[in-house]
Structures are given as C-alpha cells and as structure tokens.
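Enquirer: First residue of the sequence shown: 150, per my numbering; consecutive thereafter.
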Amino acid sequence: MDFEEFYQKNITKINEELNKILAVWRTEISVISNGLLPLVDKFIDSCRGGKRIRGMLVVLGYEIGKESSVISPQIESSIIKIAAAYEIFHSAFLAHDDVIDQSEVRRGKPSLYKALGADHKGISRTICLGDGG
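1. If I follow the unbroken alpha helix (DSSP H) through Gly-210, where does it start and stop?
2. Does DSSP put Val-254 in a helix, a strand or coil?
3. How about Gly-198 and Arg-256: are their beta carbons less than 8 Å apart?
4. Per DSSP, what are the beta-bridge partners of Pro-259 in this structure?
5. Using the C-alpha atoms, what's the distance from Glu-166 back to Asn-159?
6. Would you kindly report the start and end of the unbroken alpha helix (DSSP H) that includes Ala-172?
7. Would DSSP call Ser-221 helix, strand or coil?
8. Is the CB-CB distance between Ala-234 and Ile-170 below 8 Å?
9. Quick check on Ile-193: buried or exposed, where buried means 16 or more other Cβ atoms within 10 Å of its Cβ?
10. Tell me which residues share the same chain as Ala-264 and place their Cβ nearer than 6 Å to its Cβ, disregarding the 5 neighbours each side in the sequence.
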C-alpha cells in the first residue's frame with residue numbers, strides 16, 4: 150500500500166470517529182443546557198476540514214512501531230479513536246492560536262473567535278471552548 154492509499158483509508162476512518170465523538174459530546178452538552186449548543190456547534194464546525202496530519206501521524210506511528218502485521222479490530226478501533234481525539238485537541242489549540250494571532254480565517258472559514266464575535270465576550274467563549282476541547 151502506498152501513502153496515498155494509506156491516507157485515504159485512514160482519513161475516512163478518522164473523520165467518521167471524529168463525527169461520532171463530537172455527536173456524543175453535543176448530546177451530553179444538550180443535557181446540561183440547550184443554551185450552550187450554539188457555542189458547541191461552532192466548535193464542532195471548527196473541527197471540520199483540515200488534512201488530519203496529526204491524526205494520521207498517530208496511525209502511522211502505530212504502524213511503524215507495531216510488533217505484528219496482524220492488527221485486531223479492537224486495537225485498530227482504539228488507534229483511530231486516539232487519532233480522532235488528537236484532532237479535537239489540535240482544533241482546541243488552533244482556537245487559542247487564532248485568538249493570540251488574531252487570525253480571522255481557519256480552514257477556509259471564519260476562525261472560531263471571529264465566528265463567536267471578536268469582542269471580549271467572543272474571545273472568552275473561544276478560550277473556554279478551546280480549554281474544553
């Protein structure tokens with residue numbers, strides 16, 4: 150398998166797992182307060198897009214270091230979950246980075262802090278969402 154095949158196979162799995170994790174998180178937040186959903190939806194939207202390089206490096210690191218050529222479905226599932234979680238973590242870093250750099254665009258869309266309002270309230274919300282990511 151060449152890298153392009155490896156990338157296409159795994160990016161689909163990472164994106165599917167990312168969507169599952171974010172959907173569960175959204176449901177959990179809705180139980181706490183529906184008023185938070187607009188903020189959560191903006192964070193979820195900020196997680197969409199991107200090349201998934203960091204998540205792919207998680208999978209590639211496992212592939213390089215594994216002891217056996219046979220991977221159980223449970224281990225493969227765990228690696229993909231870790232890769233997806235790393236992508237959420239990275240999106241949280243980017244939320245903070247965009248505030249610090251005052252970046253208006255991220256992944257072709259308004260950055261999270263711009264989407265929430267670049268005033269003090271929007272910046273505070275962005276930092277809190279980034280901390281929660």
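All C-beta atoms in this analysis are idealised placements derived from N, C-alpha and C, irrespective of residue type, glycine included.
Expert: Quick look at the numbers:
1. Run containing Gly-210: 202 to 214, per the alpha helix (DSSP H) assignment.
2. Val-254 falls in the strand class under three-state DSSP.
3. In this structure, Gly-198 lies near Arg-256, with their beta-carbon atoms less than 8 Å apart.
4. Looking at the DSSP assignment, Pro-259 forms a beta bridge with Val-254.
5. Computed Cα separation, rounded: 11 Å.
6. 152 to 181 is the extent of the alpha helix (DSSP H) around Ala-172.
7. Coil at Ser-221, not helix or strand.
8. The answer is yes: Cβ separation under 8 Å.
9. Ile-193 sits buried, since 16 or more C-beta atoms from the chains shown fall within 10 Å of its C-beta.
10. Here the set comprises Lys-191.
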